[in-house]
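Under full-length UniProt numbering, the first residue of the sequence shown carries the number 1, and numbering increases by one thereafter.
All residues carry an ideal CB built from backbone N, CA and C; glycine is no exception.
All values derive from a computational prediction rather than experimental measurement.
Working notes, beginning with the structure itself.
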Amino acid sequence: MNKNKQLQGKRKLGAVIFMMEFIIEKYHEALKKNKLIVYFA
Numbered sequence: 001m002n003k004n005k006q007l008q009g010k011r012k013l014g015a016v017i018f019m020m021e022f023i024i025e026k027y028h029e030a031l032k033k034n035k036l037i038v039y040f041a
């Protein structure tokens, strides 16, 4: 029972980290695009 709970916790943590990495990646892409727009403006 205890091991099962630990596994669920790790899975949740993994999902949170995955989402954060995904959001940061999208944010960086948006920043690059914005810098290009500013550069060409």
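Which value, in whole angstroms, describes the spacing of the CA atoms of residue i and residue j?
i, j, result
"residue 28", "residue 5", "35 Å"
"residue 32", "residue 10", "33 Å"
"residue 24", "residue 8", "24 Å"
"residue 26", "residue 3", "35 Å"
Under 6 Å: does the beta carbon of residue i sit that close to some heavy atom of the ligand FAD?
i, result
"residue 26", "As far as ligands go, the structure on display features none, and thus does not contain the ligand FAD."
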